[in-house]
Amino acid sequence: MGRTIAIGDVHGCAREFEKLLKKINPQAGDRILQVGDLINKGPDSTACIELARAYQIETLMGNHEWRLLRAKKEKRLSELNSYNQITAEALSKSDWKFLKKLPKFIYDHRLNTIFVHGGFVPNIPWHKQSIETVTHVQVITQSGLPEKRSSAPKAKLWSHFWKGKEQVIYGHTPRRRVFKRKQTLCLDTGCVYGGELTAYSIEEKRLIQVRAKMSYA
Numbered sequence: 002m003g004r005t006i007a008i009g010d011v012h013g014c015a016r017e018f019e020k021l022l023k024k025i026n027p028q029a030g031d032r033i034l035q036v037g038d039l040i041n042k043g044p045d046s047t048a049c050i051e052l053a054r055a056y057q058i059e060t061l062m063g064n065h066e067w068r069l070l071r072a073k074k075e076k077r078l079s080e081l082n083s084y085n086q087i088t089a090e091a092l093s094k095s096d097w098k099f100l101k102k103l104p105k106f107i108y109d110h111r112l113n114t115i116f117v118h119g120g121f122v123p124n125i126p127w128h129k130q131s132i133e134t135v136t137h138v139q140v141i142t143q144s145g146l147p148e149k150r151s152s153a154p155k156a157k158l159w160s161h162f163w164k165g166k167e168q169v170i171y172g173h174t175p176r177r178r179v180f181k182r183k184q185t186l187c188l189d190t191g192c193v194y195g196g197e198l199t200a201y202s203i204e205e206k207r208l209i210q211v212r213a214k215m216s217y218a
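Every number in the working numbering is 1 more than the matching position in the sequence shown, counting from 1.
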């Protein structure tokens, strides 16, 4: 049986992504997942999609993928900010198809682990939560609503409220270091901001990391 490896937010950092994959050195039987926000902000989103395809990485829907897909469907790509427009213009038809097929979460029964981009709100079964919620939530307000950390800095992290027996591996909320709380593990270590790109080998309980060449955003 191979390894199960989860990778945090890549955000278009193709050089670091390729370096990390070489460091992981995938073998037959390994399963590699990426928790979303594969694209945007960094220098080469299309190369990141190519790498995900080449390595057969199970990529999740992140808020950046969802934003582009929704804007394209509603024909308002021109209203997006500059880095979103740059990414949208670079994407091929096959890239758009790749993004459209991304799942909002993946559950691994053997490991009892959920992979998701953002997280979950309390009091609603995780598998019934919307794509908007699971790709965007960072904190939970006193009224129980999901919100961005920047919009509600005093609100508690969604992981504070997680009561499930499942382990949740996610990204979306960048920190200098991997953040573990209860049954949750955040792998977004801010590569696009000059931090590190992080992978976690679950069975081995081992982190694999590469330092960003520079800050891209």
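Glycine included, C-beta positions come from ideal geometry on N, C-alpha and C.
Computed from a predicted structure; not experimentally measured.
- Of the candidates Tyr194, His110, Arg207 and Gln184, the residue whose Cα lies closest to the Cα of Phe162 is Gln184.
- Shown here, Ile115 sits in a strand according to DSSP, grouped into three states.
- In the structure shown, Phe106 adopts extended strand secondary structure according to DSSP, grouped into three states.
- Of the candidates Ile141, Lys164, Phe121 and Glu167, the residue whose Cα lies closest to the Cα of Leu158 is Ile141.
- Per DSSP, Leu100 is not a residue of any beta strand (DSSP E); the alpha helix (DSSP H) it occupies stretches across Lys94 to Lys101.
- For Thr185, the enclosing beta strand (DSSP E) begins and ends at Thr185 to Cys187.
- For Leu78, the three-state secondary structure derived from DSSP is helix.
- Counting along the chain, Gln210 sits inside the beta strand (DSSP E) bounded by residues Arg207 to Arg212.
- Non-local beta-carbon contacts of Leu186 in its own chain, meaning distances under 6 Å to residues more than five positions away in sequence, involve Ile170 in chain order.
- Counting C-beta atoms within 10 angstroms of its own C-beta, His118 has 16 or more neighbours from the protein chains shown and is therefore classed as buried.
- Rounded to whole angstroms, the separation of the alpha carbons of Tyr108 and Lys166 is 13 Å.
- Counting C-beta pairs closer than 8 Å gives three or more between the stretch 45–56 and the stretch 85–97, which meets the contact rule.
- For Trp67, the closest C-alpha among the options Lys24, Ala29 and Leu39 is that of Leu39.
- DSSP places Glu197 outside any alpha helix (DSSP H); the residue lies instead in the beta strand (DSSP E), whose first and last residues are Glu197 to Ser202.
- Annotation for Gln86: the continuous alpha helix (DSSP H) segment containing it runs Ser83 to Ala91.
- Beta-bridge pairing by DSSP links Lys157 to Ile141.
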